[in-house]
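Report on one structure; see the data block that follows.
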Amino acid sequence: MKILIKNGRVIDPATNTDSQIDVLIEGSRISRLAKKINIKSHDKPIIIDAKDLVVCPGLIDIHCHLREPGYEYKETIRTGTFSAVKGGFTSVVCMANTDPVNDNKSVTEFIVRKAKEEGFCRVLPCGSVTKGLKGEELSEIGEMVTAGIVAISDDGKPVKNAAIMRRALEYIKAFSIPLISHCEEPDLSTGCVNEGIFSLLAGLEGNPPIAEELMVMRDITIARYVNSKIHITHVSTEGSVRIIREEKEKFDKVTCDTCPHYFMLTDESILSFDANFKVNPPLRTKKDVEAIKEALKEGVIDIIATDHAPHEMTSKDVEFAIASSGISGFETAFSLSLSLFHDGILDLKDLIKKMTINPAKLINVPYGVLSEGKVADLIVFDPYKEWVVNKDEFVSKGKNTPFHGWKLKGKNLITIVGGKLVYKDPDFILEK
Amino acid sequence: MDWRRKDLLEIRELSREEILLVLDTAESFKEVSKRDIKKVPTLRGKTIITLFFEPSTRTRTSFEIAAKRLSADTINISATTSSVVKGETLKDTALNLESMQPDVIVIRHSLAGAPHILSKILNSSVINAGDGSHEHPTQALLDLFTIREKKGKIENLKVVIVGDIAHSRVARSNIFCLKKFGNEVVCCGPPSMIPPYLDTLGVRVEYKLESALKDADVIMALRIQKERGGVSFIPSLKEYATFYGLKKEHISLAKDDVIIMHPGPMNRGVEITDEVADGPYSVILDQVENGVAVRMAILYLLLGREQ
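For the record, the sequence lines run as chains A and B. Here the first sequence is numbered in the numbering used here, starting from 1 and rising by one per residue. Here the second sequence is numbered in the numbering used here, starting from 1001 and rising by one per residue.
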């Protein structure tokens, strides 16, 4: 099978490319990049005319929830990965809070096998730090690495015990994987929204920003002490940004990400009591949003992740305090992130970098690069196409989004994983 | 002016004119409760459901009496646990009730925003009778009614609210309400019970009761919200009573014609002593009496609005 992408603007931050180049894919790999590639028609290639469009490496999401095994009513590996490729993602790191928890190699193997059989994109599991996400005993990290995990995290249930955190950070050094930390001091995080003016007005219990910042400080301090790789996920506060900026100067094994909702939404939206705005950590203030954008611009924030967290509507359509947290994010994350480009905060190359090569480097995988001989994971997108988010058109089982009805600019049109065309926007005609 | 809202969810969204309309309407209903035959036919044929997910004596009875004095039919539903615990969502409970064609659903719930969920999905009018730590609009309205009755005005008064501000929906609704009319509102309580950013609402915060009460026109004492974990914010109720319990000697710090209010239920000996609760400045039972008139007014306005 051959695919020829013609006339596109190829942007690959890994090779510092930004020019009009044709891309030829043969089998699972990129075989040629050249100004003009002609191909014999008896080869029966798929020809994609990417005129006025951007071709770039497939996006890599280092933080999502595929819910399988255990919560197949929220999402499955099949529906989740289909949602991912629709949104432009070709590799996704799925968190361990399944049922059973991904804390041993059997669960890892199940996810890897299921993804191979039914997945539309690469699924790179994240193992738990502790057994059952209980924060008490280390999971069998080494065996899970052998089975295919690329990182460990107790996402959603921050490791409270500093000694356990230290041991985990020490232990992973033998396996060269990072620890992805969801930073929230649990005792200070019993609420459901940001503690601020709007929690006061709504009478909803707030989690203060310091709950996040204390843990960011603690985890980086431990990681620096034991010289291990720490990644702070979904950074949401101005204070966290400040701490990470300072720590990065002293220590080069700290990285971090944020998610689109932390630069697109503020805590003011909770006044609607609509649980689609409930996320963990909570939406913060305008000032925090500005700090996050600034940190993206400066490069303090290395990666944009989705934290795709699909839920059945019943767990969202309830009283705010008892509703589930999270946003079904795969199908809006890239378009929302493109607003950073449209608003002049990031150029396209910097934005793509945060969603391709930077996450690839963090988890040490050979993806996120668009060059000859590399695996053909890539996307074609229109940075200017306008569209309206409609949750009912989500292919994810999770229709939980606060962005329903939003008019966005920029859309993924084509997704290729391992040389296979796995997604095409229904309105896109391959060869014009 | 006319009343145009389908629901009464929060004081914060009401205009001064709307609040005054409620007060003026309540004025005319107060007399009904003094008649021999305490009933007018105004809401005959209307059905009012009180749906209480939290225990309540005062508020529920007050709504029921208000409805009955207007000749409406009332049904009381008490669910001591959240509907979710029973396996039914709040939304389903509400839709089921609505199928029986009520005109008003009065809801009390332990979680903030529950009335808002109902408001979005129901055609019936929804009245918030207290949602978590969020709001208790009818309480604030009856408090304002009582203040107007006793003080002859509702502006430029110094109102001191004492107690567990962080967990109190009564405090929130009263702050929103009193600030709309340009009153000076002082909140006093242990710092751990004063929510961050309270000053952004235009209120002054005092940690010392004695300085807070100086020249007060109105003092409102609040209960420690045990059910919302209030007790864990202070060392003990005894210590709370020592520093923040309203005692007889405090009254002299306030203006001579100060009134003492409490939304009930009172924990005598904790936030208020017997002497103060039963003393000459106390209007606590007037609040309860006025509650009926104010709730009659609300029901009347919601059901009488232009459809």
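C-beta: ideal position from N, C-alpha, C; glycine also.
Does Met1193 (chain B) come out as helix, strand or coil in the three-state DSSP assignment? Of the three classes helix, strand and coil, the one that applies to Met1193 (chain B) here is helix, per DSSP.
Threshold first: 3 residues or longer. Then list the beta strand (DSSP E) segments lying entirely within the stretch 1099 to 1143 of chain B, N to C. Listed in chain order, the beta strand (DSSP E) runs fully inside the stretch 1099 to 1143 of chain B are 1104 to 1109, 1125 to 1131, counting runs of at least 3 residues.
Sequence-distant residues of the same chain with beta carbon closer than 7 Å to Ser1071 (chain B), five excluded per side: Listed in chain order, the non-local C-beta contacts of Ser1071 (chain B) below 7 Å within the same chain comprise Lys1039, Val1040, Pro1041, Thr1042, Leu1043, Arg1044, local neighbours out to five positions each way being set aside.
Quick one: which unbroken beta strand (DSSP E) runs of 3-plus residues sit fully inside the stretch 59 to 104 of chain A? Chain order, please. Those beta strand (DSSP E) runs which fall completely within the stretch 59 to 104 of chain A and span 3+ residues are 59 to 64, 89 to 94.
Nearest by alpha-carbon distance to Cys183 (chain A): which of A:Ile244, A:Ala376, A:Tyr384, A:Gly70 is it? Checked all of A:Ile244, A:Ala376, A:Tyr384, A:Gly70; the closest Cα to Cys183 (chain A) is A:Ile244.
So what's Leu1157 (chain B) in DSSP terms, helix, strand or just coil? When secondary structure is reduced to three states using DSSP, Leu1157 (chain B) falls in the coil class, being assigned neither helix nor strand.
Could you tell me whether the stretch 2 to 21 of chain A touches the stretch 52 to 62 of chain A, where touching means 3 or more Cβ pairs closer than 8 Å? Yes: the two stretches touch, three or more of their Cβ pairs being nearer than 8 Å.
By the 9 Å beta-carbon criterion, what residues does the stretch 18 to 48 of chain A contribute toward chain B? With the criterion set as a beta carbon lying under 9 Å from some beta carbon of chain B, the stretch 18 to 48 of chain A has no members that meet it.
Under the rule that 16 or more other beta-carbon atoms within 10 Å means buried, what is Gln1225 (chain B), buried or exposed? Buried: at least 16 other Cβ atoms inside 10 Å.
Opposing strand residues paired with Met1220 (chain B) [DSSP bridges]: Partner(s): B:Ile1161, B:Met1261.
Is Met1261 (chain B) closer than 8 Å to Thr1138 (chain B) when the C-beta atoms are compared? Thr1138 (chain B) places its beta carbon 8 Å or farther from that of Met1261 (chain B).
Does DSSP classify Glu1184 (chain B) as helix, strand or coil? In this structure, Glu1184 (chain B) counts as strand in the three-state DSSP scheme.
Could you round the C-beta distance between Lys229 (chain A) and Leu179 (chain A) to whole angstroms and report it? I think they count as a contact, below 8 Å. The beta-carbon distance between Lys229 (chain A) and Leu179 (chain A), rounded to whole angstroms, is 7 Å. This is short enough to meet the 8 Å contact definition.
Under 8 Å Cβ-Cβ, which residues of chain B neighbour Thr314 (chain A)? Residues of chain B passing the Cβ test: Thr1089.
Just to confirm, does Ser1211 (chain B) get its C-beta within under 7 Å of one of the non-hydrogen atoms of the ligand ZN? Among the ligands in the structure shown, none appear at all, so the ligand ZN cannot be discussed.
Would you call the stretch 331 to 341 of chain A in contact with the stretch 258 to 268 of chain A, where contact means no fewer than 3 C-beta pairs closer than 8 Å? The stretch 331 to 341 of chain A makes contact with the stretch 258 to 268 of chain A: 3 or more CB pairs, one atom from each, lie closer than 8 Å.
Taking Pro1195 (chain B) and Leu200 (chain A) to be in contact with their CB atoms under 8 Å, please state how far apart those CB atoms are, rounded to whole angstroms. Yes, Pro1195 (chain B) and Leu200 (chain A) are in contact; Cβ-Cβ is about 5 Å, under 8 Å.
Pick helix, strand or coil for Thr242 (chain A), following the three-state DSSP scheme. According to the sequence shown, residue 242 (chain A) is Arg rather than Thr. Correct three-state label for Arg242 (chain A): helix.
Spatial distance of Asp18 (chain A) from Asp350 (chain A) (CA atoms): Roughly 11 Å between the two C-alpha positions.
What does Ser1133 (chain B) reach in chain A if we use C-beta pairs closer than 8 Å? Those are Gly203, Leu204, Glu205, listed as they occur along chain A.
Using 8 Å as the threshold, is the C-beta distance between Thr79 (chain A) and Cys121 (chain A) below it? No, the Cβ-Cβ distance between Thr79 (chain A) and Cys121 (chain A) is not below 8 Å.
Take the Cβ of Glu1018 (chain B) as the centre, count every other Cβ of all protein chains shown within 10 Å, and call the residue buried at 16 or more, exposed below. Glu1018 (chain B) comes out buried.
Nearest to Val300 (chain A) by CA position, among A:Phe403, A:Glu249, A:Ile37, A:Lys36, is which residue? It is A:Glu249.
What number of angstroms, rounded off, separates the C-alpha of Ile1284 (chain B) from the C-alpha of Ile345 (chain A)? Distance between the alpha carbons of Ile1284 (chain B) and Ile345 (chain A): 58 Å.
Is the CB of Gly1113 (chain B) under 8 Å away from at least one CB in chain A? Using beta-carbon distances, Gly1113 (chain B) counts as an interface residue toward chain A, with a partner under 8 Å.
Note down, in chain order, all residues in the stretch 1188 to 1201 of chain B with a beta-carbon under 7 Å from any beta-carbon belonging to chain A. If the cut-off is 7 Å between Cβ atoms, the stretch 1188 to 1201 of chain B has Pro1195, Pro1196, Tyr1197, Leu1198, Thr1200 near chain A.
Quick check on the burial criterion: 16 or more other C-beta atoms within 10 angstroms. Buried or exposed for Lys44 (chain A)? With fewer than 16 Cβ atoms within 10 Å of its Cβ, Lys44 (chain A) is classed as exposed.
Alpha-carbon to alpha-carbon, Thr415 (chain A) and Leu421 (chain A): Each residue's alpha carbon lies about 6 Å from the other.
Leaving out five residues on either side along the sequence, give the residues of the same chain with a beta carbon under 8 Å from the beta carbon of Leu1095 (chain B). Cβ neighbours of Leu1095 (chain B) beyond the five flanking positions: Ile1121, Leu1122.
Since His1262 (chain B) meets chain A, which of its residues come closer than 7 Å, beta carbon to beta carbon? Residues of chain A passing the Cβ test: none, with the nearest at roughly 20 Å.
Which residue spans inside the stretch 22 to 48 of chain A form an unbroken beta strand (DSSP E) run of at least 3? Under the rule that a run must span 3 or more residues, the beta strand (DSSP E) segments found entirely inside the stretch 22 to 48 of chain A read 22 to 26, 29 to 34.
Buried or exposed: which applies to Asn16 (chain A), given that a residue is buried once 16 or more other Cβ atoms fall within 10 Å of its Cβ? Around the C-beta of Asn16 (chain A), fewer than 16 other C-beta atoms lie within 10 Å, and the residue is accordingly described as exposed.
In chain order, what residues of the same chain lie with their CB nearer than 8 Å to the CB of Ala1277 (chain B), ignoring the 5 residues before and after it? Within the same chain, Ala1277 (chain B) has close Cβ partners Ile1260, His1262, Met1266, Arg1268, Ile1284.
From the DSSP output, which residues share a beta bridge with Ala151 (chain A)? DSSP lists A:Cys126 as the bridge partner or partners of Ala151 (chain A).
At least three beta-carbon pairs within less than 8 Å, the stretch 1188 to 1203 of chain B to the stretch 1239 to 1247 of chain B: Flag = yes, the stretch 1188 to 1203 of chain B and the stretch 1239 to 1247 of chain B touch.
Run through DSSP, which three-state label would Leu253 (chain A) get? Per the sequence presented here, residue 253 (chain A) reads as Lys, with Leu not at that position. Here Lys253 (chain A) sits in coil by DSSP.
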